[in-house]
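Worksheet: one structure, shown below.
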Amino acid sequence: SDTLWKDAWEPGFSSLETERFFIAAPSVEGCEGKIRLRLIESHVFGSGQHATTQALIRLLEKRVGQGRFLDVGTGTGVLCLVAHHLGFTTLCGTDIEESAVLISKENAELNDVSIDLIFGSLPTAHDKWDVIACNILPPTLTDLLRDLKPRLAPEGSLYLAGFNEANADGVLAELTRLNLTVAEECKVRGWVGWLVTHSK
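The sequence shown begins at 42 in the working numbering and counts up one residue at a time.
Take a look at the structure:
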């Protein structure tokens with residue numbers, strides 16, 4: 042529900058520190074030894090305040106990136122910024138909210154990162170991606186999965202969030218139907234992030 046979604050926002054959030062990253066507004070001082078990401082303060086979702094965004098960053102930062110990275114429902118573009126520093130060479134973010142695309146462009150410029158930003162839900166179907174991230178509430182997330190799988194490279198992986206422990210079963214059922222497997226899980230304040238791969 043909307044109430045549950047709002048409850049997962051970090052109260053009094055000013056910055057997010059993970060194992061490798063420090064994410065905050067440009068006015069906030071950096072954190073020594075961390076990769077510094079600057080985000081313009083806005084009401085656009087995805088600045089790191091929400092537990093689902095945090096779960097995906099914690100999963101993503103464990104890997105060495107290479108190739109092509111797609112973030113569906115990019116919000117502020119923060120996951121694309123993270124992906125850039127992990128080593129991904131092609132970055133694309135999509136969002137159906139025009140305000141999110143505009144903020145993502147500003148954040149990309151602020152961090153000197155090149156991101157292809159698209160106003161819409163998905164890029165063309167013939168493009169294949171090594172990693173696709175999607176942090177969107179069910180049932181929209183569940184409905185999107187059938188369109189995400191054909192866009193995933195043969196050895197590619199999905200990073201999914203937007204659901205909590207109470208509604209994870211519905212997402213899992215759709216993954217199973219599509220012959221996809223949860224390889225790793227990260228929970229933050231009752232919200233779930235999954236690394237998903239093709240079933241062997």
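For every residue, glycine included, the Cβ atom is placed at its ideal position computed from N, Cα and C. Computed from a predicted structure; not experimentally measured.
- The DSSP assignment places complete beta strand (DSSP E) segments of no fewer than 3 residues inside the segment 152-201 at 157-160, 170-176, in order along the chain.
- For ARG77, the enclosing beta strand (DSSP E) starts and ends at 76-79.
- Contact between LEU163 and VAL119 is absent: CB atoms are separated by about 19 angstroms, not below the 8 angstroms threshold.
- Cα atoms of CYS133 and ALA207: separation of roughly 31 angstroms, rounded to the nearest angstrom.
- Distance check between THR181 and each of ASP153, PHE204, ASP168 places PHE204 closest, using alpha-carbon atoms only.
- Your pair ASP112 and ALA174 checks out as a contact, with CB atoms roughly 5 angstroms apart and the cut at 8 angstroms.
- Counting other Cβ atoms within 10 Å of its Cβ, SER198 reaches 16 or more and is therefore classed as buried.
- By the neighbour-count criterion, in which 16 or more other beta carbons inside 10 Å mark a residue as buried, ASN176 falls on the buried side.
- Per DSSP, the continuous beta strand (DSSP E) segment holding ILE64 begins and ends at 62-65.
- Contact check for ASN148 against ILE81 passes: the beta carbons are separated by less than 7 angstroms.
- The beta carbon of GLU215 sits closer than 6 angstroms to those of THR183, LEU186, all from its chain and outside the five residues before and after it, given in chain order.
- Per DSSP, reduced to three states, the secondary structure at ALA224 is strand.
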